[in-house]
Structures are given as structure tokens and as C-alpha cells.
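So the sequence lines, in the order shown, correspond to chains A and B. Our numbering runs 46 ahead of the 1-based position in the first sequence. Our numbering runs 46 ahead of the 1-based position in the second sequence. Built from N, CA and C at the ideal position, the CB exists for glycine as well. None of the values given here were measured: they were computed from a predicted structure. These notes are about the structure you will find just below.
Number of protein chains: 2
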Amino acid sequence: MKTNPIEIVIIEDEEDILELVEYHLQKAGYETMGFLSTQNVEQFLEEENPSLMIVDRNLPECEGSEFVAELRRYGCNIPVIFLTAKDRDEDIEEGFVRGGDDYITKPFKPKELVLRVQALLRRSGITSNEKIKYRDLILDIPNRTLTIENNLVELTNLEFKLLHTFIKNPNITLDRDFLRDEIWGEDGANFNDKTINVTINRLKKKIDPTGEKEYFIPVWGVGYKLG
Amino acid sequence: MKTNPIEIVIIEDEEDILELVEYHLQKAGYETMGFLSTQNVEQFLEEENPSLMIVDRNLPECEGSEFVAELRRYGCNIPVIFLTAKDRDEDIEEGFVRGGDDYITKPFKPKELVLRVQALLRRSGITSNEKIKYRDLILDIPNRTLTIENNLVELTNLEFKLLHTFIKNPNITLDRDFLRDEIWGEDGANFNDKTINVTINRLKKKIDPTGEKEYFIPVWGVGYKLG
DNA sequence: ATAAGTTGATAACAAATTGATAACAAATAT
DNA sequence: ATATTTGTTATCAATTTGTTATCAACTTAT
């Protein structure tokens with residue numbers, strides 16, 4: 047089973063530094079997503095829900111701390127570390143006031159950056175990414191939402207549980223007994239076989255109305271597999 | 047505005063510095079408790095439950111970071127900021143590895159210390175002297191008031207707790223079990239499911255009488271989410 | 001290859017579950 | 001004691017889930 051690494055966004059307009067930061071964070075086991083400006087970041091946050099952001103302040107178009115302040119205003123609570131050359135007392139104050147959780151001045155020690163990232167993640171109660179992806183499906187567990195190509199797809203509780211089970215076991219055939227135990231519980235005294243078919247079908251229709259993507263592959267006489 | 051202040055423990059063997067730190071934190075509205083060594087601190091933690099600790103490392107008898115590591119081993123999760131002259135890379139690493147949340151080296155700027163204290167408290171969910179905003183809701187924690195577009199909205203105690211819980215977890219589906227534990231307490235032997243519905247509904251009506259803003263989104267069979 | 005039997009897909013319907021809301025009762029605070 | 005807050009219950013509405021019937025697809029035996 048593939049584990050979902052923690053994803054960190056870095057906004058930094060100097061490419062050398064961006065690469066340096068990404069290198070060290072990746073070495074520490076994190077997944078990174080770099081941006082050279084604040085452009086497109088907002089959209090990315092909505093889609094991916096990363097766990098932490100490292101933000102430079104001297105950015106083209108939009109100043110980094112103002113960007114963060116704006117996010118905070120809209121209820122975005124992602125942990126933020128400023129990584130910037132702005133090292134005057136007033137700058138640092140501004141960074142914290144505008145919603146930063148930590149403030150590192152350049153030049154910086156990569157190791158300390160990683161340590162501070164770890165400490166902040168720990169304190170924020172983030173242990174692993176809360177999103178599970180499979181092909182173009184993004185399942186957000188705490189949100190209980192499914193996103194397909196930027197579209198929110200409403201799922202019922204049963205459908206969510208079912209899809210979750212399949213995405214946790216991709217490419218593995220789940221037989222009907224397993225599904226019954228896992229989704230419906232062990233009390234299957236009188237359990238209609240066709241219930242599974244119907245539920246899978248309803249789910250199929252919701253996530254792939256045209257049926258062209260063939261997420262669920264029936265395995266005759268056994269069950270289904272997510273392919 | 048009477049609110050029980052946040053209490054901060056400072057462990058620092060140089061009396062001058064201890065006084066300086068206490069002075070600035072008190073000026074920022076915190077209650078402080080200073081110690082010249084780690085002695086008696088453990089007992090104090092159990093009795094008083096302070097919100098944060100500022101710890102020097104070069105202390106008589108017991109080294110500061112070892113003391114924190116020991117606390118962590120026993121499950122103590124209090125936010126810790128190290129404030130120390132030990133500024134080598136290995137020292138800083140040790141500080142974080144042993145459970146510190148932040149690391150400030152001497153000489154330090156008092157203002158930055160206060161900012162870092164505030165940031166860490168905020169991230170730790172200790173909000174007592176903060177305002178939390180979400181969309182057009184402004185929740186004033188110490189005053190226990192809610193303002194919507196400059197209008198004061200009266201909330202009962204229960205409603206305030208409920209809204210506070212949701213605003214702390216925006217966009218996250220809070221299930222009924224969680225809400226019951228969080229708001230009503232663990233003694234849910236006989237707890238009427240519908241109590242949550244009714245309370246949410248009363249809150250909805252107060253903060254959005256016309257229902258057009260759709261703050262609370264029901265998640266079928268699970269709970270609610272603030273959206 | 002074809003027929004019979006089995007299994008899956010699908011639609012329509014029925015049942016069960018869950019949420020909203022109002023009215024009332026109990027508890028708590030002032 | 002009175003007002004306010006909070007919990008309970010009943011009713012209704014919405015949604016979800018299960019059942020059944022019918023048809024299509026697949027497997028296997030002849």
C-alpha cells in the first residue's frame with residue numbers, strides 16, 4: 047500500500063533557493079510543490095490541501111505576508127513559515143501579525159529549516175496527509191469529499207465508505223464477503239447479495255456517469271476491483 | 047473584561063534575564079511563573095496546568111532540553127520555547143529533537159520572544175486572548191462575543207462553545223461523536239442524538255436567520271461541517 | 001457452437017434512516 | 001421567583017439504503 051507523504055508548498059522567486067529548499071525537504075521525506083510567485087497557489091491549496099507552506103516575502107506581484115494575511119482572512123489555517131531576507135524587527139513583527147507561525151531569515155541553515163518544519167507539523171497535529179488519491183480521484187478524509195478533476199462529487203456515507211475501501215486497496219480484487227464485512231458489518235445473517243451490486247452501481251454512476259473510465263471492474267463470481 | 051489569563055512558566059537561572067522575560071510577557075498580558083532551576087517545576091505543572099514554557103538550557107542540576115525530553119516521555123505536551131545561549135547547529139537540532147517547539151538564541155529581542163509566544167499559543171489552539179475569524183464571523187474569545195458585519199450577536203454559552211469548535215475546524219466534517227465529546231463531555235451514557243440537531247439549528251438561526259449563508263452543512267449520517 | 005445456468009447491470013419501488021423544526025419540559029442562572 | 005438556557009419529544013420532510021424484477025453478459029457442459 048502506497049503511503050501518502052506530507053506535502054509542503056514553497057513559494058520562492060529565486061529558483062536556486064527554491065531548489066535548495068525542495069531538495070532538503072524531499073530528503074527529509076516530504077513531498078514538495080514549488081511556486082515562483084503566489085499565482086496559482088490559491089487554486090492549488092483548494093485542490094490539494096497541503097500540510098504546510100514556506101513563504102518568501104519579496105515576491106513579484108504579491109508580497110508574501112500579505113498573501114498569507116489574505117488566506118487567513120478566508121479561514122485558511124495552514125501552518126506557515128516565512129523564509130525571507132527581511133530581517134528588521136518590524137518585518138519580523140509583521141510576519142507574525144499577518145499569520146505566520148515561524149520566521150526564518152536568510153541566509154538560513156537548511157537543517158534548521160527542516161527541524162522547524164517538523165516541529166510545526168508536530169504542533170499542528172499533522173501526522174500524514176489527509177487526502178488519498180487514485181487516478182483522478184481525490185478523497186479528502188476529514189472533509190469527507192470526493193474531487194474529480196476539480197469537481198466536487200457528492201457521495202453518501204455508504205458510497206464514501208465503499209470508495210474509501212477500494213482506494214485503500216487499488217488493483218486488488220475485493221471479494222463480496224470482504225466487502226460485506228468491511229462495509230456492512232459482520233451481522234450478515236440476512237444480507238442480500240445484490241445490495242453490493244446496486245451500491246457499486248450507484249457509486250459508478252456518480253463518479254463516472256458515462257462509464258468511460260471503468261473504475262470498477264467486476265471479477266466474475268468473486269467481487270470487484272478498482273482498476 | 048475579566049478572563050483568566052494565560053500562564054507561562056519560565057525556567058532561567060540568570061535572575062536578570064528571568065525578570066526581563068517576565069516583564070515583557072506580563073506587559074503582553076500573560077501571567078508568569080519564574081523558576082531558577084527545574085526543581086519544583088514538575089510539581090507546578092501538575093497543579094497549575096500552564097499554557098507554555100520558556101526554558102533555558104544551561105541550568106544548574108538538570109540541563110533544560112533533557113528536562114523537556116523527560117516531560118515529553120511522560121506524555122506532557124506543553125508548548126516549549128528554548129531560550130538559550132547554546133547556538134551551535136547541533137544544539138539547535140538537539141533542542142527540537144528533544145521536544146522543543148521553537149528555539150531562540152541569546153541575545154534575544156524581547157519583542158520577538160513575545161511574538162513567538164503568541165504564534166505558538168495560537169498554533170497550539172490556546173486562543174484566550176485572540177479573535178478568531180471565519181468568513182464574516184468574528185469570534186472574540188475573551189469577551190465571548192460574536193460579531194457579524196459589525197453587529198453583535200448574542201450567543202448562549204453552549205452556542206458559543208459549539209461555534210468555537212467549528213471555527214477552529216473550518217471545512218472539516220465534525221462527526222456527532224466528536225461533537226458530543228467536545229461540547230457535552232464524555233459522559234454520554236444517555237445522550238439524545240437530536241440534541242445536536244436542535245442546538246445546531248438554534249445556532250444557525252441566530253447567525254443566519256434567513257439561511258442564505260449556509261454556514262453549517264449537514265453531512266448525512268456523520269455530522270456537520272462549517273463551510 | 002449453442003443452450004442452460006449463473007452472475008452482474010439497471011431501473012423502479014419500498015423501507016428505513018436521518019435531519020429539520022416546533023412545542024414543551026427541565027434545568028440553570030440571575 | 002423569574003427569565004433564560006438547555007434538553008426532550010413528536011411530527012414531518014428529505015435522503016439514503018435495501019429489495020425486487022427484468023434484462024444482459026458471462027461460463028460451462030454438451
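Within chain B, partners of A/Pro-106 - CB distance below 9 Å: What A/Pro-106 touches in chain B: nothing, since even the nearest Cβ is about 27 Å away.
| query | In terms of alpha-carbon separation, which member of A/Trp-230, A/Glu-136, A/Ile-218 lies closest to A/Glu-205? | reply | Here the closest residue by C-alpha is A/Trp-230.
Exercise. With a 10 Å radius around its C-beta and 16 neighbouring C-beta atoms as the bar for buried, classify A/Arg-134 as buried or exposed.
Key: With fewer than 16 Cβ atoms within 10 Å of its Cβ, A/Arg-134 is classed as exposed.
Q.
Please list, in chain order, the residues of the stretch 214-245 of chain B that have any C-beta partner in chain A closer than 7 Å.
A. Residues passing the 7 Å Cβ filter: Pro-216, Asn-217, Ile-218, Thr-219.
task: Express the C-alpha separation of A/Asn-247 and A/Leu-185 in angstroms, rounding to a whole number.
output: Spanning the two alpha carbons is a distance of roughly 19 Å.
| Close beta carbons around B/Lys-264, own chain, < 7 Å, minus the five adjacent residues each side | The sequence given here places Pro at residue 264 of chain B; Lys does not occur at that position. Same-chain partners within the cutoff: Tyr-270.
**Prompt:** Would DSSP call B/Tyr-261 helix, strand or coil?
**Reply:** The answer is coil: DSSP assigns B/Tyr-261 none of H, G, I, E or B.
> Is any beta-carbon of chain A found at less than 7 Å from that of B/Val-265?
Replying inline: Residue contact with chain A for B/Val-265: present (Cβ-Cβ distance below 7 Å to some residue of chain A).
- Message: Judging by CA-CA distance, which residue of B/Leu-198, B/Asp-59, B/Arg-181, B/Val-101 is the nearest neighbour of B/Glu-260?
- Response: Comparing Cα positions, the closest option is B/Arg-181.
| message | Closest to A/Ser-111 by C-alpha separation, out of A/Tyr-76, A/Ile-57, A/Arg-162, A/Val-163, would be which residue? | response | Comparing Cα positions, the closest option is A/Ile-57.
>> By alpha-carbon positions, which one of A/Glu-65, A/Leu-117, A/Ala-131 ends up nearest to A/Pro-125?
In response: The shortest Cα separation from A/Pro-125 among A/Glu-65, A/Leu-117, A/Ala-131 belongs to A/Leu-117.
Report task. Could you name the residues of the same chain whose beta carbon sits closer than 7 Å to that of A/Gly-141, not counting the 5 residues immediately before and after it, in chain order? Result -> Within the same chain, A/Gly-141 has close Cβ partners Ser-111, Phe-128, Tyr-149.
Item to check | Sheet register partners of A/Asn-197 (DSSP bridge) | outcome: In the DSSP output, where bridge partners are listed per residue, A/Asn-197 has A/Ile-194.
Please confirm if B/Thr-49 has its CB atom under 7 Å from at least one CB of chain A. The predicted position of B/Thr-49 is uncertain, since its pLDDT is 45 and thus under 50; no value can be drawn from it.
Quick check: is the beta carbon of A/Phe-142 nearer than 7 Å to any beta carbon in chain B?
Closer than 7 Å: yes.
B/Tyr-69 at chain A interface by Cβ criterion, 7 Å: For B/Tyr-69, no CB of chain A lies under 7 Å from its own CB, so it is not counted at the interface with that chain.
C-alpha distance - A/Asn-189 paired with B/Leu-220, whole-angstrom precision = So the two alpha carbons sit approximately 9 Å from each other.
Subject >> Proximity test, Cβ basis, 7 Å: B/Tyr-180 and chain A >> reply: Yes, B/Tyr-180 lies at the interface with chain A (some Cβ there is under 7 Å from its Cβ).
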